[in-house]
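Student:
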Amino acid sequence: MRAAAQRGTVPAVAVAIVLCALLFSGGSSEAPLVWIGGAALVLAGVAAAAVAAGALPGPALSRSGLVFFGFLGGLVVWMGASVIWSAVPDSSWGYTNRTLAYFGFACLGVLTATLVPQAPRRVAEVFAVLLAAVLGWALLAKAVPALYSDYGRIARLRSPVGYWNELALLGDVAVGLALWIASARESRPEVRAAATVLVFVASVAILLTYSRVGIGLAVLVAVAWVVLERNRVESLAALLIAGVPAVGVFLYALSLHGVSKDHQPHAERVHDGWIFLVVTLAGGALVALASLAAARAQARRPVAESVRARIERVALWAGLAAAAAAAVVAIVFAGRIWDSFSNPVTAQVANSAGRIGTLSSSNRWTWWQEAWDAFTRHPLGGTGAGTFELTNRLHRTSPYDVTVEPHNTPLQFLSETGIVGFLLFVGGVVAAAVAIVRTRRRTRDPAVTAIGLGLAAWLVHMVGDIDWSYVAVCGPLLFAAGALVAGAARRPVPRRRPLLAIGAVAFALVGVYSLAAPWLATRQLASSGAAIDRNDFAAALADAKTAHSYDPLSVDALMQQAALETDPVRARRLYRDAITLEPLNPETWYQLGAFEYGQRRWAAAYHALDRSWGLDRHGPAAVKCDYLDLVRPKVTGYGVKCRGFRRPVRP
Numbered sequence: 203m204r205a206a207a208q209r210g211t212v213p214a215v216a217v218a219i220v221l222c223a224l225l226f227s228g229g230s231s232e233a234p235l236v237w238i239g240g241a242a243l244v245l246a247g248v249a250a251a252a253v254a255a256g257a258l259p260g261p262a263l264s265r266s267g268l269v270f271f272g273f274l275g276g277l278v279v280w281m282g283a284s285v286i287w288s289a290v291p292d293s294s295w296g297y298t299n300r301t302l303a304y305f306g307f308a309c310l311g312v313l314t315a316t317l318v319p320q321a322p323r324r325v326a327e328v329f330a331v332l333l334a335a336v337l338g339w340a341l342l343a344k345a346v347p348a349l350y351s352d353y354g355r356i357a358r359l360r361s362p363v364g365y366w367n368e369l370a371l372l373g374d375v376a377v378g379l380a381l382w383i384a385s386a387r388e389s390r391p392e393v394r395a396a397a398t399v400l401v402f403v404a405s406v407a408i409l410l411t412y413s414r415v416g417i418g419l420a421v422l423v424a425v426a427w428v429v430l431e432r433n434r435v436e437s438l439a440a441l442l443i444a445g446v447p448a449v450g451v452f453l454y455a456l457s458l459h460g461v462s463k464d465h466q467p468h469a470e471r472v473h474d475g476w477i478f479l480v481v482t483l484a485g486g487a488l489v490a491l492a493s494l495a496a497a498r499a500q501a502r503r504p505v506a507e508s509v510r511a512r513i514e515r516v517a518l519w520a521g522l523a524a525a526a527a528a529a530v531v532a533i534v535f536a537g538r539i540w541d542s543f544s545n546p547v548t549a550q551v552a553n554s555a556g557r558i559g560t561l562s563s564s565n566r567w568t569w570w571q572e573a574w575d576a577f578t579r580h581p582l583g584g585t586g587a588g589t590f591e592l593t594n595r596l597h598r599t600s601p602y603d604v605t606v607e608p609h610n611t612p613l614q615f616l617s618e619t620g621i622v623g624f625l626l627f628v629g630g631v632v633a634a635a636v637a638i639v640r641t642r643r644r645t646r647d648p649a650v651t652a653i654g655l656g657l658a659a660w661l662v663h664m665v666g667d668i669d670w671s672y673v674a675v676c677g678p679l680l681f682a683a684g685a686l687v688a689g690a691a692r693r694p695v696p697r698r699r700p701l702l703a704i705g706a707v708a709f710a711l712v713g714v715y716s717l718a719a720p721w722l723a724t725r726q727l728a729s730s731g732a733a734i735d736r737n738d739f740a741a742a743l744a745d746a747k748t749a750h751s752y753d754p755l756s757v758d759a760l761m762q763q764a765a766l767e768t769d770p771v772r773a774r775r776l777y778r779d780a781i782t783l784e785p786l787n788p789e790t791w792y793q794l795g796a797f798e799y800g801q802r803r804w805a806a807a808y809h810a811l812d813r814s815w816g817l818d819r820h821g822p823a824a825v826k827c828d829y830l831d832l833v834r835p836k837v838t839g840y841g842v843k844c845r846g847f848r849r850p851v852r853p
């Protein structure tokens with residue numbers, strides 16, 4: 203009894219961590235990653251220690267599963283090593299931490315699969331419930347403005363994930379899982395009806411994100427499920443029963459400005475939100491009743507095989523006709539499609555429902571070119587993990603071209619970690635795919651197909667977005683991948699290996715410290731800023747020094763110290779230390795130039811400010827009549843006239 207309780211604790215806590223990642227990750231922010239990723243690492247470390255101590259059975263990983271974890275762990279190590287040559291060491295540390303947290307989720311997945319019978323099916327069932335909660339909350343927050351006030355700024359559905367495209371991706375995963383349950387003839391009619399309602403909820407949520415790739419992937423996941431699994435008629439019925447009302451609710455929602463338009467007053471969002479809630483509940487009730495009636499009718503009188511074959515043939519020909527029509531349109535309008543896709547940076551797509559009908563890349567093509575150029579300059583090790591923001595600043599030709607990532611995860615790894623990091627990523631993907639296919643063949647469980655389609659959708663989505671920055675997506679999906687690559691059977695409880703157990707716990711604790719240190723530094727910098735606001739400069743300097751002790755790679759901590767130093771010699775040395783850490787960062791050069799301007803060292807100020815402008819011609823040094831324009835005449839004898847402009851304040 204006690205052993206069973208111990209074996210049930212790890213999966214239960216792991217599911218709770220996955221739920222926290224889905225609901226409370228705070229978008230791409232750093233603070234939630236610390237406690238969510240830290241919890242995943244600690245639980246994985248404790249569970250691994252229990253395995254090493256002989257308290258729990260160990261995972262029986264297949265060869266492809268071992269290769270998957272080897273490549274994923276190698277990617278973490280390589281990202282960490284890139285700090286040595288990184289253009290932005292602090293960012294590389296942060297990105298390594300993010301990948302380390304994801305590695306913890308994958309380890310939790312394989313450990314959970316070891317402890318749970320019929321793990322793929324149980325994981326799929328739990329994921330369906332968790333995603334239903336996420337998508338249900340997303341629609342509820344749209345209907346009740348008090349739950350998420352930022353919809354007054356941008357209306358696109360995104361809570362609780364924080365980014366519409368990532369929420370749409372979770373909806374795509376939910377579509378595959380819901381179709382698996384809805385099409386299972388052996389399931390109770392009530393369960394199948396609930397799954398069909400999940401298809402409806404996911405469809406409405408995906409449409410309200412206005413995510414073009416999300417909508418396309420939902421269609422592809424549904425088509426792939428119908429093609430790959432045998433209960434095609436049931437799947438088609440679920441799609442029809444759920445899809446038509448979902449489109450109807452979406453079209454009606456577009457007429458409600460408080461739901462579909464940006465910058466709407468709170469009163470209108472409250473009024474239209476309640477209408478949207480009533481309409482959505484009515485649509486869900488209609489779907490539930492229709493699907494329940496259909497499931498019960500099928501239970502009483504199963505569909506004849508001849509009728510099934512006829513329906514499948516009609517669906518096949520309809521699908522082929524639609525695919526052929528799409529191919530013809532793509533060929534005829536190929537030039538226009540390409541022109542729209544590679545649009546200039548000054549012609550961005552608005553965050554309105556009209557974007558669904560456009561083919562613009564929203565500047566992705568430009569960012570991909572910038573990332574590729576960075577790779578060709580640094581092919582082996584890249585520019586350092588998490589450094590594309592600097593790459594973009596060094597390459598951009600427009601002030602509108604601003605991003606942190608190139609919106610293409612494989613290309614980002616190629617640019618930031620070189621060919622080595624890219625091959626580690628690709629190797630992990632291939633190994634996971636091989637392991638999952640073998641698991642499907644071995645178990646013959648359609649739940650594996652459902653999860654596998656979600657993971658495939660994630661892989662495609664990564665080619666066009668910033669998935670790696672969102673623990674709400676990467677954490678749960680790598681947990682699922684870890685569960686699917688686990689072996690066929692549990693190993694017997696191994697003999698005790700205390701040193702290995704201590705090593706597992708130590709690794710987890712080191713990982714938690716690595717996650718926490720940059721976050722603690724950020725908190726100390728915020729405390730330093732608050733001390734400045736209350737004119738307590740001694741406390742501000744002390745906090746800045748503490749921040750630097752937590753994160754010695756942070757140029758922000760160095761520049762904060764320099765700005766607070768009363769000794770110009772020490773301040774100058776700190777600014778120089780920041781430049782040594784990030785010599786290609788235009789901000790470090792700008793801050794040094796502003797300091798030298800305040801010291802009336804015109805030549806030194808001009809050199810630093812001109813260097814900042816040369817690195818980023820749309821950055822702070824490019825502002826008219828800022829420090830560079832003011833100091834240039836003092837050094838060169840020529841420059842723009844700044845009479846009438848107020849002298850800038852030292853940052």
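Using this note's numbering, the letters of the sequence shown correspond one by one to residues 203 to 853. All residues carry an ideal CB built from backbone N, CA and C; glycine is no exception.
1. Could you check how far apart the C-beta atoms of A384 and A440 are, in whole angstroms? I think they sit under 8 angstroms.
2. According to DSSP, is P700 helix, strand or coil?
3. Could you give the residue range of the alpha helix (DSSP H) that holds W287?
4. Would you mind giving the Cβ-Cβ distance between G656 and G267, rounded to the nearest angstrom? I have them listed as a contact below 8 angstroms.
5. Leaving out the 5 sequence neighbours to the left and right, which residues in its chain are closer than 7 angstroms to W570 when beta-carbon positions are compared?
6. Between the region 270-290 and the region 586-595, are three or more C-beta pairs nearer than 8 angstroms?
7. Given that a residue counts as buried once 16 or more other Cβ atoms are within 10 Å of its Cβ, and exposed if not, what is A303?
8. When you compare each of D753, A764, N367, T605 to G795 by their alpha carbons, which one comes out closest?
9. Could you pull out every unbroken beta strand (DSSP E) segment of at least 3 residues lying fully inside the region 323-379, listed in chain order?
10. Just the C-alpha distance for Y777 and T790, rounded to the nearest angstrom, thanks.
11. Go ahead and pull the three-state DSSP assignment for V403.
12. Pull up the CB-CB distance for A407 and G373, whole angstroms please, since I reckon it's below 8 angstroms.
13. For V531, count neighbouring Cβ atoms within 10 angstroms of its own Cβ and tell me buried if that reaches 16, exposed if not.
14. What's the gap between the Cα of D753 and the Cα of A723?
15. Output yes or no for whether 8 angstroms exceeds the beta carbon distance between A326 and A658.
16. In this structure, how does DSSP classify R414 when only helix, strand and coil are distinguished?
17. Should N737 go down as buried or exposed, given a rule of 16 or more other Cβ atoms within 10 Å for buried?
18. What is the rounded straight-line gap between the Cα of A732 and the Cα of R725?
19. Pull up the distance between the alpha-carbon of V662 and that of G584, whole angstroms please.
20. Can you give the Cα-Cα distance for I793 and E784, rounded to whole angstroms?
21. Would you mind reading off the limits of the alpha helix (DSSP H) that contains T599?
22. Using DSSP with H/G/I as helix, E/B as strand and the rest coil, what is M203?
23. If I'm right that L410 touches L359 with Cβ under 8 angstroms, what's the distance once you round it to whole angstroms?
24. Do W254 and L702 have their CB atoms nearer than 8 angstroms?
25. Give me the Cα-Cα distance between R394 and A386, rounded to the nearest whole angstrom.
26. Since L310 and L258 are thought to touch, with beta carbons under 8 angstroms apart, how far apart are those beta carbons, to the nearest angstrom?
27. How about A348 and S361: are their beta carbons less than 8 angstroms apart?
28. Can you find a CB in chain C that lies within less than 8 angstroms of the CB of Q466?
29. Just list the alpha helix (DSSP H) runs in the region 602-631, keeping only unbroken ones of 4 residues or longer that don't cross its boundaries, in chain order.
30. At a cut-off of 7 angstroms, is I383 close to the ligand SAM when judged by its beta-carbon and the heavy atoms of the ligand?
31. Are L371 and V675 closer than 8 angstroms when you measure CB to CB?
32. Where does the unbroken alpha helix (DSSP H) through N299 begin, and where does it stop?
33. Which word fits W476, buried or exposed, when buried means at least 16 other C-beta atoms lie within 10 angstroms of its C-beta?
Tutor: On the basis of the coordinates in this document:
1. Translated into positions along the sequence shown, residue 384 becomes position 182. Translated into positions along the sequence shown, residue 440 becomes position 238. About 4 angstroms; that satisfies the 8 angstroms criterion.
2. In the sequence shown, residue 700 corresponds to position 498, counting from 1. Three-state DSSP puts P700 in a helix.
3. Residue numbering aside, residue 287 sits at position 85 when the sequence shown is read from its first letter. From DSSP, W287 is part of no alpha helix (DSSP H); its letter is neither H nor E.
4. Here residue 656 corresponds to residue number 454 of the sequence shown, with the count starting at 1. Here residue 267 corresponds to residue number 65 of the sequence shown, with the count starting at 1. Their Cβ separation, rounded to whole angstroms, is 19 angstroms, which puts G656 and G267 out of contact at 8 angstroms.
5. Position 368 of the sequence shown, counted from the start, is the residue given in the question as residue 570. Here the set comprises P608, N610, L613.
6. yes
7. The residue you call residue 303 lines up with position 101 of the sequence shown. Classification for A303: buried.
8. Within the sequence shown, residue 795 is the residue found at index 593, counting from 1. Considering only alpha carbons, the answer is A764.
9. none
10. Here residue 777 corresponds to residue number 575 of the sequence shown, with the count starting at 1. Here residue 790 corresponds to residue number 588 of the sequence shown, with the count starting at 1. Roughly 7 angstroms between the two C-alpha positions.
11. Here residue 403 refers to the residue found at position 201 of the sequence shown. Reduced to three states, the DSSP call for V403 is helix.
12. Indexing the sequence shown from 1 puts residue 407 at position 205. Indexing the sequence shown from 1 puts residue 373 at position 171. That pair is a contact at about 5 angstroms.
13. Along the sequence shown, one-based indexing puts residue 531 at 329. That one is exposed.
14. Position 551 of the sequence shown, counting from 1, holds the residue named residue 753. Position 521 of the sequence shown, counting from 1, holds the residue named residue 723. Each residue's Cα considered, the two are about 6 angstroms apart.
15. For the purposes of this step, residue 326 is taken as residue 124 along the sequence shown, with counting starting at 1. For the purposes of this step, residue 658 is taken as residue 456 along the sequence shown, with counting starting at 1. Not in contact: A326 and A658 (Cβ atoms no closer than 8 angstroms).
16. Within the sequence shown, residue 414 is the residue found at index 212, counting from 1. Three-state DSSP puts R414 in a helix.
17. Looking up residue 737 in the sequence shown gives position 535. Answer is exposed; the Cβ neighbour count stays below 16.
18. Against the sequence shown, residue 732 aligns to sequence position 530. Against the sequence shown, residue 725 aligns to sequence position 523. Their Cα atoms are separated by approximately 11 angstroms.
19. As a working note, residue 662 is residue 460 in the sequence shown. As a working note, residue 584 is residue 382 in the sequence shown. Looking at the two C-alpha atoms, the distance is approximately 23 angstroms.
20. Here residue 793 refers to the residue found at position 591 when the sequence shown is read from its first residue. Here residue 784 refers to the residue found at position 582 when the sequence shown is read from its first residue. A small correction: the amino acid at residue 793 is Gln; Ile does not occupy that position in the sequence shown. If you take the alpha carbons of Q793 and E784, they lie about 13 angstroms apart.
21. Translated into the one-based positions of the sequence shown, residue 599 becomes position 397. Run containing T599: none; DSSP gives neither H nor E here.
22. Position 1 of the sequence shown, counting from 1, holds the residue named residue 203. Model confidence at M203 stands at a pLDDT of 44, short of 50, so the residue's coordinates are unreliable; what they give is reported in the following sentence. Reduced to three states, the DSSP call for M203 is coil.
23. Residue mapping note: residue 410 aligns to position 208 of the sequence shown, counting from 1. Residue mapping note: residue 359 aligns to position 157 of the sequence shown, counting from 1. Sure, about 4 angstroms apart at Cβ, within 8 angstroms.
24. Taking the sequence shown and counting its residues from 1, the one referred to as residue 254 is at position 52. Taking the sequence shown and counting its residues from 1, the one referred to as residue 702 is at position 500. Note that residue 254 is Ala in the sequence shown here, rather than Trp. Their beta carbons are under 8 angstroms apart, which means A254 touches L702 by this criterion.
25. For the purposes of this step, residue 394 is taken as residue 192 along the sequence shown, with counting starting at 1. For the purposes of this step, residue 386 is taken as residue 184 along the sequence shown, with counting starting at 1. Looking at the two C-alpha atoms, the distance is approximately 7 angstroms.
26. Position 108 of the sequence shown, counting from 1, holds the residue named residue 310. Position 56 of the sequence shown, counting from 1, holds the residue named residue 258. Rounded, the Cβ-Cβ distance is 13 angstroms, inconsistent with contact.
27. Taking the sequence shown and counting its residues from 1, one reaches residue 348 at position 146. Taking the sequence shown and counting its residues from 1, one reaches residue 361 at position 159. No.
28. Reference to chain C is not applicable here, since this structure consists of a single protein chain.
29. none
30. This structure lacks the ligand SAM, and indeed carries no ligand of any kind.
31. Here residue 371 refers to the residue found at position 169 when the sequence shown is read from its first residue. Here residue 675 refers to the residue found at position 473 when the sequence shown is read from its first residue. Yes; because the gap between Cβ atoms is below 8 angstroms, this pair is in contact.
32. Within the sequence shown, residue 299 is the residue found at index 97, counting from 1. Counting along the chain, the alpha helix (DSSP H) containing N299 begins and ends at 291-317.
33. For the purposes of this step, residue 476 is identified with residue 274 of the sequence shown, where counting begins at 1. Counting Cβ neighbours within 10 Å, W476 comes out exposed, since fewer than 16 surround it.
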